[in-house]
Amino acid sequence: MIRLENISKVYPMGKRKLTVLNGVSVNIERGEMVAIMGPSGSGKSTMLNLIGCLDKPTSGSYYLEDKEVSRLNSGELAQVRSQKIGFVFQSFNLLPRLSALANVELGMRYAGGVDRRQAREALEKVGLADRTSHRPNELSGGEQQRVAIARALVKNPPLLLADEPTGNLDSHSGEEIIHILTSLHAEQGITLVMITHELKIARYCQRIIHFSDGQVVKEEKV
Ligand SMILES: Nc1ncnc2c1ncn2[C@@H]1O[C@H](COP(=O)(O)OP(=O)(O)O)[C@@H](O)[C@H]1O
Ligand SMILES: [Mg+2]
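So the number in my numbering is just where the residue sits in the sequence shown, counting from 1, plus 2.
Rendered as structure tokens:
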């Protein structure tokens, strides 16, 4: 599903250059659940943003479902994102003035229109049927992240990307989130790529890719 070939990402810094990804090659099969681990600053989020078509590599090729997306322009990338990719972030990224239901509906706005019934079902799936009219500040951290997961999944993308989804949560809420993600993966066959610094969380995945200094240094099957 995902094929990264010799990807680099370099930022200009005045006369010098900052190499954040340095020759990354990774394959992820459809239906896999993969964790990415590594020290802070090692390029994990940069790589996930590339996989998520939020950014483009400086060099190298990226194929998503056999289509080379590294060549697309930003409008085409936005289209790929809205059709194929759901995102979950460490800080939830919900809109504070909107209810849980309205936040989930936002996830559909750019992908074929809003369907309130589907949005409700997405909240039911993450166990929030009784929280649909709550605003983010009326929800616990774990509940906010569940809303974010519902928003990411309401359009049924084949690929879910999560950047430290349990990073802002206590360990109990973190466990709840990983259980939801694990069952979504098992029941719906979604492909899931997740950054985490917690080995306990990474162990729920089938494979762990270890990053250091912008390179893949180790891959292990769990
Ligand atoms: N837009 C940017 N411009 C310049 N440097 C950046 C940019 N984004 C990230 N970086 C740098 O790239 C390195 C890797 O960042 P990141 O991918 O966020 O690491 P990680 O997620 O592993 O902690 C960091 O040193 C960061 O400062
Ligand atoms: Mg990061």
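Ideal Cβ positions, reconstructed from N, Cα and C, are used throughout, including at glycine.
Please read all numbers here as calculations on a predicted model, not as lab measurements.
Minimum Cα-Cα distance from N24 among the listed residues K220, E222, G216 and V224 corresponds to G216. Here DSSP, grouped into helix, strand and coil, assigns Q92 to coil.
Annotation for T193: the continuous beta strand (DSSP E) segment containing it runs T193 to I197. CA-to-CA, the gap between I182 and K127 works out to about 9 Å.
Counting other Cβ atoms within 10 Å of its Cβ, L201 stays below 16 and is therefore classed as exposed.
In this structure, K69 has its beta carbon at no less than 8 Å from each heavy atom of ligand 1. When rounded, the separation of the alpha-carbon atoms in K86 and L161 is 6 Å. For E126, the enclosing alpha helix (DSSP H) stretches over residues R118 to K127. Between E140 and A121, the beta carbon gap of about 18 Å keeps them out of contact (Cβ cut-off 8 Å). Counting C-beta pairs with one atom in each stretch, the region 174–191 and the region 151–165 have three or more that are closer than 8 Å, which means they touch.
In the structure shown, H174 falls within a helical segment according to DSSP collapsed to helix, strand and coil. One alpha carbon belongs to D172, the other to N158, and they sit about 28 Å apart.
Residue state for G216 is assigned as coil, using DSSP reduced to three classes. For the 9 Å CB-CB criterion, H136 and E123 do not form a contact. In the displayed model, L108 falls within a helix according to three-state DSSP.
Of all residues, those with a beta-carbon under 5 Å from at least one heavy atom of ligand 1 are Y13, V22, S42, G43, S44, G45, K46, S47 and T48, reported in chain order.
In the DSSP secondary-structure assignment, N24 is bridged to S10.
R209 is bridged by DSSP to V36 and K223. Setting aside the 5 residues that flank it on each side, T134 is surrounded in the same chain by S101, A102, L103, R122 and L125, each with a C-beta closer than 8 Å to its C-beta; the list follows chain order. Here the alpha carbon of T168 sits roughly 7 Å from the alpha carbon of I179. Under the DSSP assignment, S42 falls outside any beta strand (DSSP E); it carries neither an H nor an E label. In the structure shown, N29 adopts extended strand secondary structure according to DSSP, grouped into three states.
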